[in-house]
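Student: Chains as they are written, first to last, in the working numbering: chain A, 4 to 115; chain B, 55 to 165.
Can you keep this structure in mind? I'll have questions shortly.
Right, here's the structure in full:
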């Protein structure tokens, strides 16, 4: 199963871009990269996902390297409300069984 | 209002008791999921369901039972609760496995 490695914590100044890295060197061809975040003890919130092309939505951009072994989530203009734990997940179906494994994530603190 | 709800939000039970956590969604999503979250861990998938009457194990299914007779409901039962099952339980739903919408969670304490 593909696993992910993320830094434990990061700080970002309010208004600046937050770049959150994720390593997933064992990702296989049919596995997607997903990003979620969890604010306080709320349920996680979906942010974005991608397979191999870069993706952008109203919340963030996802940059996946050409070899797909790593990715970066970009919050273009971080606000205090973006303070949260961000999870990078690699998921797909292996032998007909669905895998969706959250790691311990990156605790992002946006500073005023 | 449309959404995903969990009940109860807080539960204290004793070791050996059976307890059922409820999850209800109004989006008619075909997929539903149960996760647990323990201090120091990310979320771990317990069970998931691709449709009514179709369920499958996740990463940590032991000690749990699920059923899905209706699309909108996905109850999780701990048949004989143990202290190691003290956790926060999150239910989620989605049209597929791609984008999951999570409920507010149930904080379960087993004494």
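Each residue gets a CB set at the ideal place from its N, CA and C atoms; glycine is no exception.
Would you say residue 47 of chain A lies against chain D (beta-carbon separation less than 7 Å)?
Tutor: Judged by its chain identifiers, the structure shown contains no chain D, and its protein chains are A and B.
Student: Return the chain-ordered list of same chain residues with a C-beta closer than 7 Å to the C-beta of residue 141 of chain B, the five sequence neighbours on each side being excluded.
Tutor: Excluding residues within five positions, the ones whose Cβ falls inside 7 Å are 90, 91, 92 and 162.
Student: DSSP state of residue 71 of chain A, grouped into three classes?
Tutor: In the structure shown, residue 71 of chain A sits in coil (DSSP, three-state: anything other than H, G, I, E or B).
Student: Within 10 angstroms of the Cβ of residue 58 of chain B, are there 16 or more other Cβ atoms? Answer buried if so, exposed if not.
Tutor: Per the 10 Å Cβ criterion, buried.
Student: Could you tell me the alpha carbon to alpha carbon distance between residue 28 of chain A and residue 126 of chain B, rounded to whole angstroms?
Tutor: So the alpha carbons of these two residues sit roughly 37 Å apart.
Student: Between A:40, A:58, A:32 and A:45, which lies nearest to residue 144 of chain B when the distance is taken from Cα to Cα?
Tutor: Nearest option by C-alpha distance: A:45.
Student: Would you call the stretch 11–22 of chain A and the stretch 43–59 of chain A touching, i.e. three or more CB-CB distances under 8 Å?
Tutor: With the cut-off at 8 Å, the stretch 11–22 of chain A and the stretch 43–59 of chain A do not touch.
Student: Under 7 Å, Cβ to Cβ, is there at least one residue of chain B near residue 107 of chain A?
Tutor: Chain B, which has a Cβ nearer than 7 Å to the Cβ of residue 107 of chain A, makes this yes.
Student: First and last residue of the beta strand (DSSP E) that includes residue 100 of chain B?
Tutor: Its beta strand (DSSP E) spans residues 97–105.
Student: Return the first residue and the last residue of the beta strand (DSSP E) that residue 65 of chain B is part of.
Tutor: It spans 64–67 - the beta strand (DSSP E) in which residue 65 of chain B sits, taken as one unbroken run.
Student: Where do the ends of the beta strand (DSSP E) carrying residue 51 of chain A lie?
Tutor: Taken as a continuous stretch (DSSP letters only), the beta strand (DSSP E) holding residue 51 of chain A covers 48–53.
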